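J.:
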Amino acid sequence: MKPRILINCSNLHNGGGVAVATSVVDCLSRMDHRGFSISVLLSTPVSSNLHELGTNFSVFASCQTRDFYGISALWKKLDSHFKGFDLVFTVFGPAYYAHKNTRHLFGFAQPNIVYPENASASRLPTIARWRSRLKFELQACFFARADELVVELEHVRKGLSQRRLFKNKPIHVVYSSVHTVFNEPSLWAPVRLPEKSGRLRLGIISRNYPHKNLAVLAEVKDILLHKHGLDVDMFVTFLPDEWNSCDQYFRDRIINVGGLSLSQCPTFYAAMDGVVFPSLLECFSAVPIETMRVGRPLFASNLSFIRDVCEEHCQYFNPLDPNDIAQVIFKYYSKPAAERQHLCDKARIHVQRYPGPEQRASNYLDVIQKALTDTL
Numbered sequence: 011m012k013p014r015i016l017i018n019c020s021n022l023h024n025g026g027g028v029a030v031a032t033s034v035v036d037c038l039s040r041m042d043h044r045g046f047s048i049s050v051l052l053s054t055p056v057s058s059n060l061h062e063l064g065t066n067f068s069v070f071a072s073c074q075t076r077d078f079y080g081i082s083a084l085w086k087k088l089d090s091h092f093k094g095f096d097l098v099f100t101v102f103g104p105a106y107y108a109h110k111n112t113r114h115l116f117g118f119a120q121p122n123i124v125y126p127e128n129a130s131a132s133r134l135p136t137i138a139r140w141r142s143r144l145k146f147e148l149q150a151c152f153f154a155r156a157d158e159l160v161v162e163l164e165h166v167r168k169g170l171s172q173r174r175l176f177k178n179k180p181i182h183v184v185y186s187s188v189h190t191v192f193n194e195p196s197l198w199a200p201v202r203l204p205e206k207s208g209r210l211r212l213g214i215i216s217r218n219y220p221h222k223n224l225a226v227l228a229e230v231k232d233i234l235l236h237k238h239g240l241d242v243d244m245f246v247t248f249l250p251d252e253w254n255s256c257d258q259y260f261r262d263r264i265i266n267v268g269g270l271s272l273s274q275c276p277t278f279y280a281a282m283d284g285v286v287f288p289s290l291l292e293c294f295s296a297v298p299i300e301t302m303r304v305g306r307p308l309f310a311s312n313l314s315f316i317r318d319v320c321e322e323h324c325q326y327f328n329p330l331d332p333n334d335i336a337q338v339i340f341k342y343y344s345k346p347a348a349e350r351q352h353l354c355d356k357a358r359i360h361v362q363r364y365p366g367p368e369q370r371a372s373n374y375l376d377v378i379q380k381a382l383t384d385t386l
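My numbering puts the first residue of the sequence shown at 11, with every later residue one more than the last.
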C-alpha cells in the first residue's frame, strides 16, 4: 500500500509562504511521486495562484481548498483533515491541531523564535514587547510538537537547535529557490503601474509587517531628493488595510500598487530600476534572489540573513539610518551605466547557484522519505 502524504498549505494566506507553497505544489504536479500517494490541502490564495499557472490537480490523490487562520484551527478541527495520512507536511507551520493522529513535518520560518532579541522587537513599547514575546513562545511550543522540522538556511537550523525546545529535534535544511514563472516571461501577468515619469523607479514586494521596516522608505525618498537631488518614484505592494493604516506622510510620498499574484511578481521587478529591502529580521526572504534573477540591483540591510544569500552582490546599508540608505542608493546610480550592468550580471550568475524549484520540491520529498523510513 502506498504511503499517504498530505501537503498542507491551508494556513498560508499571504506573503512568501503563499509563493513557496504554490511553487512546491506546482512542481509536484509535474514530478514522479516516488510511490507516495500525495494529497494537497490548499488555502484560497495558494489555490488561486495554482489555477492561474494552469497546474494539473488530477495527479494528486485528493485536492481540497480550506482556509485556517492561526490558533483558531484548534477548534475549527484542522486535525480532522489529517486522519488516515502517514505524514503531514505543513509547508510553513505550525499546524494547530488538538489531536496528534499522524507524523508531522513543519517548515519553519519564524525569526522571532530564533532571534527573540532583535531590532524590530526593541522598537516596541515594553508591554507590547512582552506580549509579542509571549505570543512567539506559545507558537514555539506548537512548533515543537512536530516530529521533524525543515528550514531554508543553515543559520536558522543552528539558531533553532540551540533552543531547549528543539535541541534533539531533527532539523533539515532545504534551500529556497526562484519559482519557474520567473524563467517564463510568457506566464508573467500584467501589473497596473502609473505611466513612466522619467524618474527612477524603486520598489519592494512585501506585506507591511513591522519587522520589514518599510516606513523608512518615505524619509529615504525625501532625503534622495533634498540632499542628493535624485527624484525617485517609490512603490510598495500593500493590501488595502495595510495601506490605510499608513500615516499621511508615507501615503503622500509612496505609490501603492496593491497585492500581487505570483505571476505578477516578475513583471513588477522588471518594471523597477532597483529594489529597496530595509528589513530588520528574516529567516529567509525570496526578495534578494528574485531581484537578482530578474537582473535588478538590490539595496538591502547589512545583516547576516541578507549577506548569507547575496554575499558581495548587493548594495548594503544600515536599515536604521535613512541617510545611509539614501547615500548608498545615490552612490550606486552615480556609477557609469556599464558598471551598474556588470554588477547586475554578476548577481544574476551568483543566484543561479541556488537550486531550481523542481530541485527544492525533490529535496522536500527526500526529507519526507527519510522521515517515513526513520519510523519503520
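For glycine and all other residues, C-beta sits at the position ideal for the given N, C-alpha and C.
Computed from a prediction, not measured in an experiment: that's the story for all the values here.
Need the endpoints of the beta strand (DSSP E) that Q74 sits in, please.
T.: Segment 73 to 75, the beta strand (DSSP E) holding Q74.
J.: May I ask you to verify whether the region 306 to 322 touches the region 286 to 295, counting CB pairs closer than 8 Å and requiring at least 3?
T.: Yes, they touch.
J.: For H360, decide whether its Cβ has a neighbour in chain B, counting only Cβ atoms nearer than 7 Å.
T.: In summary, chain B is missing from the structure at hand, where a single protein chain is found.
J.: Let me know if R141 comes out buried or exposed under the rule of 16 or more other beta-carbons within 10 Å of its beta-carbon.
T.: Exposed: under 16 other Cβ atoms inside 10 Å.
J.: Just to confirm the assignment, what range does the alpha helix (DSSP H) spanning D355 have?
T.: Note, D355: alpha helix (DSSP H), 347 to 361.
J.: When you compare the region 208 to 226 with the region 181 to 193, are there three or more beta-carbon pairs, one atom per stretch, that lie closer than 8 Å?
T.: Counting Cβ pairs under 8 Å, fewer than three are found: no touch.
J.: Identify the residues that DSSP records as bridge partners of Y19: which are they?
T.: Before going on, a small fix: residue 19 reads as Cys here, not Tyr. Paired residues: L52.
J.: Determine the direct distance from the alpha carbon of Q149 to that of E164, and round the result to whole angstroms.
T.: Rounded to the nearest angstrom, the two C-alpha atoms are 21 Å apart.
J.: Should P250 go down as buried or exposed, given a rule of 16 or more other Cβ atoms within 10 Å for buried?
T.: Exposed, because fewer than 16 other Cβ atoms sit within 10 Å of the Cβ of P250.
J.: Report the three-state DSSP secondary structure of V98 (helix, strand or coil).
T.: Three-state DSSP puts V98 in a strand.
J.: Closer than 8 Å is the cut-off here; do at least three beta carbon pairs connect the region 198 to 218 with the region 236 to 246?
T.: Touching, yes, given that three or more Cβ pairs across the two stretches are closer than 8 Å.
J.: Considering only heavy atoms of the ligand SAM, does any lie closer than 6 Å to the CB of P195?
T.: No copy of the ligand SAM appears in this structure; indeed no ligand is present at all.
J.: What's the C-alpha gap between W253 and S20?
T.: For W253 and S20, the distance between alpha carbons rounds to 25 Å.
J.: Of the residues R44, S39, D77, which one's Cα is nearest the Cα of L52?
T.: The option with the nearest alpha carbon to L52 is D77.
J.: Which full runs of the beta strand (DSSP E) of 3+ residues lie inside the region 155 to 231, going along the chain?
T.: Taking only runs of at least 3 residues, the beta strand (DSSP E) segments lying wholly in the region 155 to 231 are 158 to 161, 181 to 183, 210 to 213.
J.: Only counting the same chain, and skipping five residues up and downstream in sequence, which positions put a Cβ closer than 8 Å to that of Q369?
T.: S187.
J.: What number of angstroms, rounded off, separates the C-alpha of H352 from the C-alpha of K345?
T.: H352 and K345: Cα-Cα distance of roughly 11 Å.
J.: Can you give the Cα-Cα distance for T65 and L272, rounded to whole angstroms?
T.: Approximately 13 Å, taken between the alpha carbons.
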